[in-house]
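Notes follow once the structure below has been shown.
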Amino acid sequence: KQQKIDTELSNEVLTTSGDQHSVNNNYRGEMTGDGDDVKNASASSTTDNQVVQEQQMETDECMDADKLGDCDSGIENMETEDCSESAKAAPNADILLDNRGNTQLEMEIYLSKVLNATWAEHCKGAIIVKEVATEYMDNFEEVADIEDLTSRVLINVIQYYMEGFLKKSSSNFDFTLPSCSSTSNEATEEPIDIFERRIAALDYLIRCYDIIRAECYALNSSKRLNTAELMQFMEMVKVQILHHAIMVLNGVIRGSKDGLEVPVKAEKSPLLQLMYEKSVESDFLQSFVALTYKNMEVFKEIFEPLIRNLFRDMQKAIVSEDLNVEILAKLDELTAITIEGNVRPICNLIAKQYNFFPISCSKAPGREIAKVSFLGPFLSPTIFVEENPKLVTTIFTSDNVLVDASLQSSLQAGLSCIRNYLHSIFHALLKNVESRNSVLMYMSTILKANEKRAQIHTDERVLARDGFMLNFLCTLQKLAAKIKLERVDMMYPFHWDSLIHIVKDTKLRYESEEYNEWLQDYRSAHVWDPTNFQTQCWFLTLHAHHIAVIPSIQRYNKRLRVIKELQRLVAELNNTKSQWEFTRLAARNEDLRSRWTVQLVKLNRSKACCDIGLLDENLLRQCMRFYSTVCEFILYHMEGRKINGPFMTTISPPQLTPTPEFSALPEWYVEDIADFLLFCMQYATDVIVEDMDHSIITWLLTSVCAPHCIKNPYVTAKLVEVLFVTTPTIQTTSQSLHNNIMFHDISLSVLPSALMRFYTDIETTGQSTEFYDKFTIRYHISHLFKCMWQSPVHRQAMINESKTGKQFVKFINMLMNDTTFLLDECLEYLKRIHETQVLMLDEAEWAKLADDVQQSRQRQLAQDERQCKSYLTLARETVDMFHYLTVDIKEPFLRPELVDRLSSMLNFNLQQLCGPKCNNLKVRTPVKYGWEPRRLLGQIIDIYLHLDCNEFAAALAADERSFEKHLFDDAAARIERHQIRSTVEVEKFRALLAKAYDIYVANQEREDEYADAPDEFKDPLMDTLMSDPVILPSGAIMDRSIITRHLLNSNTDPFNRQVLTEDMLQPATELKEKIQTWKLNKKNKRTSGGENSNR
1 KQQKIDTELS NEVLTTSGDQ HSVNNNYRGE MTGDGDDVKN ASASSTTDNQ
51 VVQEQQMETD ECMDADKLGD CDSGIENMET EDCSESAKAA PNADILLDNR
101 GNTQLEMEIY LSKVLNATWA EHCKGAIIVK EVATEYMDNF EEVADIEDLT
151 SRVLINVIQY YMEGFLKKSS SNFDFTLPSC SSTSNEATEE PIDIFERRIA
201 ALDYLIRCYD IIRAECYALN SSKRLNTAEL MQFMEMVKVQ ILHHAIMVLN
251 GVIRGSKDGL EVPVKAEKSP LLQLMYEKSV ESDFLQSFVA LTYKNMEVFK
301 EIFEPLIRNL FRDMQKAIVS EDLNVEILAK LDELTAITIE GNVRPICNLI
351 AKQYNFFPIS CSKAPGREIA KVSFLGPFLS PTIFVEENPK LVTTIFTSDN
401 VLVDASLQSS LQAGLSCIRN YLHSIFHALL KNVESRNSVL MYMSTILKAN
451 EKRAQIHTDE RVLARDGFML NFLCTLQKLA AKIKLERVDM MYPFHWDSLI
501 HIVKDTKLRY ESEEYNEWLQ DYRSAHVWDP TNFQTQCWFL TLHAHHIAVI
551 PSIQRYNKRL RVIKELQRLV AELNNTKSQW EFTRLAARNE DLRSRWTVQL
601 VKLNRSKACC DIGLLDENLL RQCMRFYSTV CEFILYHMEG RKINGPFMTT
651 ISPPQLTPTP EFSALPEWYV EDIADFLLFC MQYATDVIVE DMDHSIITWL
701 LTSVCAPHCI KNPYVTAKLV EVLFVTTPTI QTTSQSLHNN IMFHDISLSV
751 LPSALMRFYT DIETTGQSTE FYDKFTIRYH ISHLFKCMWQ SPVHRQAMIN
801 ESKTGKQFVK FINMLMNDTT FLLDECLEYL KRIHETQVLM LDEAEWAKLA
851 DDVQQSRQRQ LAQDERQCKS YLTLARETVD MFHYLTVDIK EPFLRPELVD
901 RLSSMLNFNL QQLCGPKCNN LKVRTPVKYG WEPRRLLGQI IDIYLHLDCN
951 EFAAALAADE RSFEKHLFDD AAARIERHQI RSTVEVEKFR ALLAKAYDIY
1001 VANQEREDEY ADAPDEFKDP LMDTLMSDPV ILPSGAIMDR SIITRHLLNS
1051 NTDPFNRQVL TEDMLQPATE LKEKIQTWKL NKKNKRTSGG ENSNR
């Protein structure tokens, strides 16, 4: 029975082996340009092969069944089996061996070992190729050519695999035969998977290649005399293996069923499957690509299906339960292959694919390029829930929204691995000259198609997602990591052929028309040098940060706000459940609470995934390093210098004059860095503390100290906020960073004065919300002043600034304005909170209110509490600043234009805290709002004492609205009773009160005396007697102190709203003399009248 099987096997294999041998010879000729058509060559050899088949069938009995070996024994039995039966079947073997040279014999032994095939007794292989063995014995001279013998053996073994007589095994260079119990007819009736058979055949060839490569290495290390000849032979075998691998892959060698060839599906690549199985060594792949690339048609026929398979596989792997790295690894391996020095065939092939750089055909260009372009799926692996919902099942269990630390590290490591592969792939595509321009255009198109991501309100459905964009950003970051800034053309954003687009962006100083006019003039006059890759890559990376990480940060913050709001709504429903549980609103509220709770779970899971993907320290540190170079780029533009090594300040920031080039840069070049630093300081402080280098600090301080260089004050305000969040009182771990900032040369020399100037300039911003915005901005500045006041160097700088004149006076005026408004608002909110709380405590009165009225009052109470807390925070900071500034700085506070308003403010707030209505300020749990009345009262008393002098006492007495002696007496008694201040300080306060009261009494007498003053002697605004009249450009006459106070708030004429500055005021000398004369006459009359009355 076994002999019958052998006979059938021999007949069937021989039928095709001769044909395939002819095909092989012709195909190799085709690869070198000398062969004929493969099909013609195969057909012309059919008749001769039939003769060989008949001869073989006649002598087939001599091939004993044992020669195939035991079907279950595997390779071990085949290698150790006794060859006595084979010797009997080949009686002329000794004669044949004698006629062979030693080298030829050695080559055949090597060949048998490499191909794992046997055709004579001196062979060592496990696979018996009967056809070759028969020809070897009967027609020795015809088989003498070693190259022809190699081809015949390979064709026969491959055909065994293609016909299913040999199968691929998972062990190293093993094979599996069909079961001996099944006949060949039964085998052909089974379904044929030609793809699996092609994989098996190709796997066999690759293993052969690996073995001969190892043999070559061993032979090179030996000291044999015929090494060169054997090496030449082995190189020939390697080429033969590669040629036959081509024949398997492009379908020249095919399987058959019932004598009919099975068609090969071109869309499936056996080579890729073996690469997935890690069965393909890089050496084989390198040689195989180099050989096929010589014939472009064959190269495309083999590798186009392979890279398309990669593309489809990657599309399927985007949404999965884990991060698939293998597909990226295979693409990386392919793109890394180089031939002829620097040619990368696979890179060329990828860049020429129809979908590499597709033309947009939809209204969603951003999403389209991410989904359709060849590299899009490779850039898409992510852990964001919106892009990979299946990953949620891996990260979270049940309703859990927390991620295990080890799992988080594992996922971040996976993302890092993916991004390393992407960098390697893009680096290969860019390094390859032929594909470089296509890749650069592709990257530019990604940014252009997704430019709307940077807008506040946009349709996310038409744009690429965060995961795709962050992968793209990381790839560019790695490409730009080693670029030296000196190689970057600073003027590239204005280049007529730039890959980046800034025309529609808001500029740092120019309006749109100004920019267009300047750009046209600049381009016509400028001579452009050829653009280098470093410039293109650096600016693409800069714009990728704007399109990728900044929108992701904004979306993250927005998600947090939504979560916080939903939590507040759910808590509010839970807290008021007793009020609506048995009302008609119960069903609606239960439904709302249920929906909000489910939504909270989803949002928290989404946030947890964002924490992994966006708060990845590797990503944030790479951003920091790149933004450091951007800071230097901006600094060089600010000073109008060419880039030359690390930036060193040569012009003091207040002395900087904005250059046209700097004015034309996009505003987001500055704002994005501020947004990124603020985000990191809140969620990744370590990144900022460790990676914020000297360049970023210099840029930050220079921009803050040169606000005139940036048109939008809100951008400068963000930079001030960055300084604010670096203070140790806000971030306890940032002490070292704060020291680096505070002891920077710019900080020591000009920062205090710059902050004071900006404190006053922010009064008007041009926005509808400017009135409320300024309080937040000034709160940040006040906090910075408090920190600087602790430093002797900065304190002295602030004291020196107070002595220079107008700027500090304006600063104090704005400080008083804010303190007055904030304290008034705080006290008003406290009164409203007090009223509502008193009402709620009166159960009878509260029960009389309707349910909807009660809920409305409760909502209003919650809103008042939030507003009160906010205003108290701001007010506490401004009062603190008044408190410590007046310790060492007094003269500016006592200037005529300021002292009256300051004393009036202090008197009014003292009245509110200690007057008859002070009980209206009592609220439940005042700590909840930050309300500390004793602390505030103590600070106000301290300010009185800090400014204690005759001028200040006179100003206190001049306040007719709030100055009352009994009020001050009550305040002193209250302070003493509650031990808010020491007895000594209380006595000093009483002494100041007495001094002020004496002046108050004298003022009252004087007012009665001057009541009949002519109108021309009175100020037209305040209706008070002028002491130093001045003439305005409009012709109006006002008292100097009053108009100066007005100019501190607005540089306009109060009568016609025209521009007015203090230097435009002209002294009314003649009128002043008249007033003085009139006052002197009044005094003389009073004196003479007093003398007459005494008489």
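So in full-length UniProt numbering the end of the sequence shown lands on 1095, straight run, no missing numbers. Glycine is no exception: its CB is placed at the ideal position from the N, C-alpha and C atoms. This structure is a prediction, so every number in the text was calculated from the model and none was measured.
Report the option in L894, R974, L723 and Q455 whose CA atom is closest to the CA atom of P916. On the sequence shown, position 916 is the one that residue 916 refers to. Of the candidates L894, R974, L723 and Q455, the one whose C-alpha sits nearest the C-alpha of P916 is R974.
Best match in S498, S802, E828 and Y714 for proximity to Y772 [C-alpha to C-alpha]: For the purposes of this step, residue 772 is taken as the residue at position 772 of the sequence shown. For the residues S498, S802, E828 and Y714, the minimum Cα distance to Y772 belongs to Y714.
Contact belief for N348 with R419 at Cβ below 8 angstroms, rounded distance in angstroms: In the sequence shown, the residue the question calls residue 348 occupies position 348. In the sequence shown, the residue the question calls residue 419 occupies position 419. Contact flag wrong, Cβ pair sits at about 24 angstroms.
Quick one: which unbroken alpha helix (DSSP H) runs of 4-plus residues sit fully inside the region 931-973? Chain order, please. 933-946 and 950-958
Assess contact between the region 948-959 and the region 929-937, defined as three or more Cβ pairs (one per stretch) separated by less than 8 angstroms. Is contact present? no
V1059 burial status per 10 Å Cβ neighbour count (16 or more: buried): Counting from 1 along the sequence shown, the entry for residue 1059 is found at position 1059. It is exposed - the Cβ of V1059 has fewer than 16 other Cβ atoms within 10 Å.
Helix, strand or coil for K507 per DSSP? Looking up residue 507 in the sequence shown gives position 507. Residue state, collapsed to three classes: strand.
Rounded C-alpha distance that separates L230 from V392: The residue you call residue 230 lines up with position 230 of the sequence shown. The residue you call residue 392 lines up with position 392 of the sequence shown. Each residue's alpha carbon lies about 59 angstroms from the other.
According to DSSP, is P1029 helix, strand or coil? Residue numbering aside, residue 1029 sits at position 1029 when the sequence shown is read from its first letter. DSSP places P1029 in strand when its eight states are reduced to three.
For K330, which option in C361, K300, S279 and K718 has the closest C-alpha, if you only look at C-alpha atoms? Within the sequence shown, residue 330 is the residue found at index 330, counting from 1. Per the Cα distances, S279.
Going by other Cβ atoms of all chains shown within 10 Å of its Cβ, with 16 needed for buried, is S768 buried or exposed? Residue numbering aside, residue 768 sits at position 768 when the sequence shown is read from its first letter. S768 comes out exposed.
Excluding sequence positions up to five away, which residues of its chain have a Cβ less than 7 angstroms from the Cβ of A480? For the purposes of this step, residue 480 is taken as the residue at position 480 of the sequence shown. The residues are C537, W538, T541 and F626.
What do you get for G1035, buried or exposed, if any count of 16 or more other CB atoms within 10 angstroms of its CB means buried? Stepping through the sequence shown from its first residue, residue 1035 is reached at position 1035. When all chains shown are included, G1035 counts as exposed.
Between the CA atoms of S438 and V343 - distance to the nearest angstrom: Here residue 343 is taken as the residue at index 343 of the sequence shown, counted from 1. Here residue 438 is taken as the residue at index 438 of the sequence shown, counted from 1. Between V343 and S438, the C-alpha separation is close to 15 angstroms.
Element boundaries [beta strand (DSSP E), containing I146]: The sequence position of residue 146 within the sequence shown is 146, counting from 1. That residue, I146, is in no beta strand (DSSP E); its alpha helix (DSSP H) goes I146 to E163.
If S663 sits next to K507, beta carbons under 8 angstroms apart, how far is it from one beta carbon to the other, in whole angstroms? Numbered from its first residue, the sequence shown carries residue 663 at position 663. Numbered from its first residue, the sequence shown carries residue 507 at position 507. Going by Cβ atoms, the distance from S663 to K507 rounds to 7 angstroms, so yes, they are a contact pair.
Which first and last residues belong to the beta strand (DSSP E) in which D864 is found? Position 864 of the sequence shown, counted from the start, is the residue given in the question as residue 864. That residue, D864, is in no beta strand (DSSP E); its alpha helix (DSSP H) goes D851 to D888.
DSSP three-state assignment for T836, whether helix, strand or coil: Counted from its first residue, the sequence shown places residue 836 at position 836. In the structure shown, the three-state DSSP call for T836 is helix.
Quick one: Cα of G930 to Cα of L823, how far? For the purposes of this step, residue 930 is taken as the residue at position 930 of the sequence shown. For the purposes of this step, residue 823 is taken as the residue at position 823 of the sequence shown. If I take the Cα positions, the gap works out to 13 angstroms.
Please confirm whether A454 and H546 have their CB atoms less than 8 angstroms apart. As a working note, residue 454 is residue 454 in the sequence shown. As a working note, residue 546 is residue 546 in the sequence shown. Yes, Cβ-Cβ distance for A454 and H546 is below 8 angstroms.
By the 10 Å Cβ neighbour count, where 16 or more other Cβ atoms means buried, how is M648 classified, buried or exposed? On the sequence shown, residue 648 is found 648 positions in, with the first residue counted as 1. Result: exposed.
According to DSSP, T718 sits in a beta bridge with which residue or residues? Indexing the sequence shown from 1 puts residue 718 at position 718. Correcting the residue type first, residue 718 is Lys in the shown sequence and not Thr. Bridge partners of K718: none, in fact.
Determine the contact status of I746 and L784, defining contact as a CB-CB distance below 8 angstroms. To locate residue 746, count along the sequence shown from 1; it is residue 746. To locate residue 784, count along the sequence shown from 1; it is residue 784. No.
Who does T819 pair with in a DSSP beta bridge? For this step, residue 819 is matched to residue 819 along the sequence shown. Beta-bridge pairing links T819 to no other residue.
Would the region 885-899 and the region 940-955 be scored as touching if the rule is three or more Cβ pairs under 8 angstroms? yes
Which two residues bound the contiguous alpha helix (DSSP H) that contains I1037? Within the sequence shown, the letter at position 1037 stands for residue 1037. No alpha helix (DSSP H) holds I1037; the beta strand (DSSP E) holding it covers I1037 to D1039.
Applying the 10 Å Cβ sphere with the 16-neighbour rule, what's the burial state of P928? Walking along the sequence shown from the start, residue 928 turns up at place 928. According to the sequence as given, residue 928 is Lys; it is not Pro. It is exposed - the Cβ of K928 has fewer than 16 other Cβ atoms within 10 Å.
So, for D942: in the same chain, excluding its five sequence neighbours on each side, which residues have a beta-carbon less than 7 angstroms away from its beta-carbon? Translated into the one-based positions of the sequence shown, residue 942 becomes position 942. Within the same chain, D942 has close Cβ partners H883.
Coarse secondary structure for T1052, derived from DSSP in three states: By one-based count along the sequence shown, residue 1052 stands at place 1052. Strand at T1052.
L585 versus L560 - alpha carbon distance: The residue given as residue 585 occupies position 585 in the sequence shown. The residue given as residue 560 occupies position 560 in the sequence shown. Approximately 29 angstroms, taken between the alpha carbons.
Using the C-alpha atoms, what's the distance from R895 back to I1031? Position 1031 of the sequence shown, counted from the start, is the residue given in the question as residue 1031. Position 895 of the sequence shown, counted from the start, is the residue given in the question as residue 895. Each residue's alpha carbon lies about 21 angstroms from the other.
Roughly how many whole angstroms lie between the Cα atoms of Q353 and M314? Residue 353 sits at position 353 when you count from the first residue of the sequence shown. Residue 314 sits at position 314 when you count from the first residue of the sequence shown. Approximately 16 angstroms between the Cα atoms of the pair.
What is the DSSP secondary structure of K1082, reduced to helix, strand or coil? Along the sequence shown, one-based indexing puts residue 1082 at 1082. In this structure, K1082 counts as helix in the three-state DSSP scheme.
Would you call F312 buried or exposed, if buried means 16 or more other Cβ atoms sit within 10 Å of its Cβ? As a first step, residue 312 is located in the sequence shown; it is residue number 312 there, counting from the start. Reading the sequence as shown, one finds Arg at residue 312 and not Phe. The residue is exposed, with fewer than 16 neighbouring Cβ atoms inside 10 Å.
Give me the Cβ distance between P1033 and D1012, rounded to the nearest whole Å; I'm assuming they're in contact under 8 angstroms. To locate residue 1033, count along the sequence shown from 1; it is residue 1033. To locate residue 1012, count along the sequence shown from 1; it is residue 1012. At roughly 31 angstroms, the Cβ-Cβ gap does not stay under 8 angstroms, so P1033 and D1012 are not in contact.
So, does the region 784-794 touch the region 832-849, judging by three or more C-beta pairs under 8 angstroms? no
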